[in-house]
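Engineer: Have a look at the structure that comes next, please.
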Amino acid sequence: MKKIIAIIVILAAAGAGYYMYAGNKAAEAEAIAMAAAQAEVAAAAEAAAIAEAEAAENAAAEAAAQALAEAEAAAKAAAEAAEQVAADALKAAEEAAAKVAADLAAEVEAAAQAAADAATESVSDAIESVVEGLVETAPSN
-16 MKKIIAIIVI
-6 LAAAGAGYYM
4 YAGNKAAEAE
14 AIAMAAAQAE
24 VAAAAEAAAI
34 AEAEAAENAA
44 AEAAAQALAE
54 AEAAAKAAAE
64 AAEQVAADAL
74 KAAEEAAAKV
84 AADLAAEVEA
94 AAQAAADAAT
104 ESVSDAIESV
114 VEGLVETAPS
124 N
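This is the structure:
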């Protein structure tokens, strides 16, 4: 009977040991599964972070391209405006020079006319003086 009890105790101990071994193996398997799940979550988070960084990089590149296009358009508009201002200034300078030249020509013409009038008057005075001199020196009959 002692042998039967000893066998039962041995079998019970073996069963308990196997139960503990199986529990440990289940815990290990659960820990491995948990680690694998955590690795998958970390990989997914890393992939999401990479995708987000790429999206941010693309958005920054698009914003830079847009800013460059706007700057080029602004520079072109400024160049066109400067060209128009220069053309307007040249036209105004040409008009002012033409007016000054016309005014100067009118002044020269007036001075020439005054000189011609003075010369004509001087010639008339000289002729009149000569005629008077001839009349005074002419013999009277």
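Numbering (our numbering), first residue to last: -16 to 124. The beta carbon of each residue, even a glycine, is placed where N, CA and C say it ideally should be. Since the model is a prediction, treat every value here as computed from it, not as a measurement.
(1) Helix, strand or coil: which one does DSSP assign to residue 17?
(2) Between which residues of its own chain and residue 128 is the CB-CB distance below 6 Å, once the five residues before and five after are set aside?
(3) Taking only three categories from DSSP, how would you classify residue 3?
(4) How many Å lie between residue 77 and residue 39 at the Cα?
(5) Hey, which unbroken runs of the beta strand (DSSP E) at 3 residues or more fall wholly within the stretch 32 to 84?
(6) Return the CA-CA distance between residue 45 and residue 51, expressed in angstroms with no decimal places.
Structural biologist: Reading off the structure:
(1) helix
(2) Lying before the first or after the last residue shown, residue 128 is absent from the chain, which here runs from -16 to 124.
(3) Helix at residue 3.
(4) 56 Å
(5) Taken in chain order, the stretch 32 to 84 contains no complete beta strand (DSSP E) segment of 3 residues or longer.
(6) 10 Å
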